[in-house]
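Chains as they are written, first to last, in the UniProt record's numbering: chain A, 1 to 431; chain B, 1 to 431. What follows is a short report on a single structure.
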């Protein structure tokens, strides 16, 4: 089993009692086996000894909501009203996506994400076999789900559900366990109630969690009330969704009572601040959710509504906007934003051994080059990560004990080929 | 006179009729003399011909409010209530700053800013001779002012005003005209009215503009009403401040009536979204200000309240937060945010020949490496700059016709020495 020692580094462990450690870390196989100030003796049986001077090591970032292939639509129709953007720009182009388009769009996003320190993603899209193969090849971790929209004839509903079920069954636990799966009704407003109930039944049968969009816009909440007489939380509760472990994307417009129900069922929220701001969906009640004990993690959403996939920015936005909007300068401190981007992200998708640098945890971690002005003075590195760092500061990325990025270069994917194929896909879609 | 041709580039000119140009640009001495799709003949009399393939050229960023030396306080006491942060953290440390501390703090910030594409800054601080010398050495452009706080005995008021006056007189137009100066009462709440009037008189005598903080927090606005019976805008108007060309920092809490007065006097606002959010000051009424015809530019404020000095982030925040808070997805489009960070920034400090890439304009421009996933597909580069780019994408920086950064390296400053001296300054301040 390969054994690696990293010494002279600064480590942000996410350990509650002592987050910042100046010292060293040992990785054996896919696990961290030691982290501490002292170098463990003897030092003669390592396959590799890395000098971590001027590097900051931290858990890899966990992006809990996205549609990687939508990088194909980055900058395609920005700054439009939401309905025009969706109906005239996004949907017509997405309808043209082939599995090859999804492949190259997803791979381009994966290159951007892993080079930027994201080690785990949630991805909900179509042509998911391509997504799973891309994740497998990249070496990163993925919690994947075929999102189904049920506004279609029964036979198409059936076909989509069958496809989603097969995908979830076939890929769960694959790629050395780096891939897990979920079942996904796309949203309450895109799936009839009986279809949602059928999806929940499959999740029960396969013993899988559920991922869905919920309460992203106030308009959608009102439409739910108009159509079903219930706000989305009560509606999904009634349909049995929360009888399964559930991760909900957005949850922008929720009442105190709804927060209480989400807490009761331990429903996890993926907060997507960049996307919510850009699409003018509003500002989620994250401080209230966190205070109520709801697990809140962070997601970029697709690149069409963000427009980059930099999780440092999502942590920063989460730390900043809730202060500014609430008028409370301690609304979400840096340490909490960092947990949202790492440990709470992992917990939100039921990964118990990811998100901290501690013995026994998976070796999913990244290194930042801190020999740069914006990391000085060497005061509070948690603050520097959240308020000052960006994806471009990441130099090394390790997932499951394997290096997938080193010195800023992808080791598992051919970036140049991916960029070329991606551009060809986009040109074809336009043409 | 040195003559340079850049060919095969993509240029964001900020020209209203045609912003994006695929072609080339010619620089002669300190000016742009040509920009267009065709390469001007003949090509044999250039000192340098640059291949701009895979680069995006745009006007340098203009940061219209900051305190560069405050990088010494980056991460020192984050996530505290405003008064505790100021009274227990910022002020006691700042009181200890020597001119050498200001020198190294300012130089560190300048390294961060120029490498990140900022070519012009406004700086308001103490020990301004050090700041001016740092700007002169760096090759960047600076609009500088000694900010005076008047809550002190008359003889100290006199000494500060004398110092500010001498600084403004001595440095205006220096460094080949790259340095201009202003007069600055720090803020209405830190300067007695008669002291502000004396500063205004000096600005008249020297024919210089005024820069001040105004209406950053609602608490400060209320205190102004309580003490003087007027909100800050009327108060400053009454004291004659707006009889001089004026640039105001923040302007977060302004009424419709105040916006009208600001417009009437052509007062310019430096919007500092990152700082305003982090300090929980609120969200400025930028869409309303812009619609009323007020010039709004962007500033980072000091690194203690930001915490990096990345102007791409300020453009992105300006484009995002006003959408999210207003519920209007077209509140501030990308193109407007870009103008706020460049052309309107230059206009806000009365630089008429900076902020656009057009014949006759100063050669103040930057190049971004766009051969990266987050700049694909090649759809809308204005959108990519605002929603996707960051300081770390900048590779080349030219100011006044001189390269000050190339391939990501500072040519005018010794970055390694500056980092070392900065750390020593910080250690002494702590000790």
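We put the CB at the ideal spot given by N, CA and C, even for glycine.
- Take residue 171 (chain A), set aside five residues on each side of it, and the residues of its chain with a beta-carbon closer than 7 Å to its own are 132, 144, 179 and 181, in chain order.
- When 8 Å is used as the limit between beta carbons, residue 321 (chain A) is near these residues of chain B: 277, 321 and 324, in chain order.
- DSSP places residue 130 (chain B) outside any beta strand (DSSP E); the residue lies instead in the alpha helix (DSSP H), whose first and last residues are 128 to 138.
- Here the alpha carbons of residue 227 (chain B) and residue 189 (chain B) stand approximately 9 Å from one another.
- Taking a contact as a CB-CB distance under 8 Å, the pair residue 146 (chain B) and residue 126 (chain B) counts as one, their CB atoms being some 7 Å apart.
- Counting C-beta pairs closer than 8 Å gives three or more between the segment 104 to 123 of chain A and the segment 58 to 72 of chain A, which meets the contact rule.
- Take the alpha-carbon of residue 53 (chain A) and the one of residue 370 (chain A): they are about 9 Å apart.
- At least one CB of chain B lies nearer than 8 Å to the CB of residue 112 (chain A).
- Cβ-Cβ separation between residue 98 (chain A) and residue 247 (chain A): approximately 28 Å, too far for a contact (criterion under 8 Å).
- In summary, the residues of the segment 290 to 309 of chain A whose CB is separated from some CB of chain B by less than 9 Å are 303, 306, 307, 308 and 309, in the order they occur in the chain.
- Taking the C-beta atoms as reference points, residue 420 (chain B) is found no nearer than 8 Å to residue 376 (chain A).
- Under a 10 Å Cβ-count criterion, residue 196 (chain A) is classified as buried, with 16 or more other Cβ atoms of the shown protein chains found around its own Cβ.
- Residue pairing from DSSP places residue 3 (chain A) in a beta bridge opposite A:28.
- The shortest C-alpha to C-alpha distance from residue 315 (chain A) to any of A:387, A:284, A:242 and A:353 is the one to A:387.
- Within chain A, the C-beta atoms nearer than 9 Å to that of residue 333 (chain B) come from 78 and 79, in chain order.
- Of all residues in the segment 253 to 287 of chain B, the ones placed with a Cβ closer than 9 Å to any Cβ belonging to chain A are 273, 274, 276, 277, 278, 279, 280, 281, 282 and 283, in chain order.
- For residue 307 (chain A), the secondary structure class from DSSP, reduced to helix, strand or coil, is coil.
- Between residue 92 (chain B) and chain A, the shortest Cβ-Cβ separation is not below 8 Å.
- If you check the CB distance, residue 312 (chain A) and residue 58 (chain A) do not come in under 8 Å.
- Within the segment 360 to 381 of chain A, the residues whose Cβ lies closer than 9 Å to any Cβ of chain B are, in chain order, 371, 372, 373, 374, 375, 376, 377, 378, 379, 380 and 381.
- Within the same chain, and ignoring the five residues on either side of residue 26 (chain B) in sequence, the residues whose Cβ sits closer than 6 Å to its Cβ are 5, 33 and 34.
- Taking residue 295 (chain B) as the centre and dropping the five residues before and after it, the same chain places the C-beta of 266, 268, 269, 344, 347 and 348 closer than 8 Å to its C-beta, in chain order.
- Inclusion of residue 357 (chain B) and residue 138 (chain B) in the CB contact set at 8 Å is not warranted, their separation being larger than that value.
- Using a CB distance cut-off of 8 Å, residue 238 (chain B) does not count as an interface residue toward chain A.
- A residue is called buried once 16 or more other Cβ atoms fall within 10 Å of its Cβ, and residue 91 (chain B), having fewer, is exposed.
- Counting only residues of its own chain and dropping the five nearest sequence neighbours on each side, residue 258 (chain B) has a CB closer than 7 Å to the CB of 231 and 233.
- By a beta-carbon distance limit of 8 Å, residue 297 (chain A) contacts residue 62 (chain A). Their separation comes to about 7 Å.
- Interface with chain A (8 Å Cβ-Cβ cutoff): residue 230 (chain B) is excluded.
- Taking 8 Å as the threshold, the shortest C-beta distance from residue 67 (chain B) to chain A does not fall below it.
- Between residue 385 (chain B) and residue 338 (chain B), the C-beta gap is smaller than 8 Å, which places the two residues in contact.
- Look at residue 96 (chain B): its C-beta is not under 8 Å from any C-beta on chain A.
- For residue 181 (chain B), DSSP records a beta bridge to B:144.
- Interface with chain B (8 Å Cβ-Cβ cutoff): residue 74 (chain A) is included.
- In the same chain as residue 104 (chain B), and ignoring 5 residues on each side of it, the C-beta atoms closer than 6 Å to its own belong to 421, 422 and 425, in chain order.
- In the DSSP assignment, residue 367 (chain A) falls within the beta strand (DSSP E) that extends over 365 to 369.
- Ranked by how close their Cα comes to the Cα of residue 396 (chain A), the residues A:44, A:368 and A:372 have A:368 in first place.
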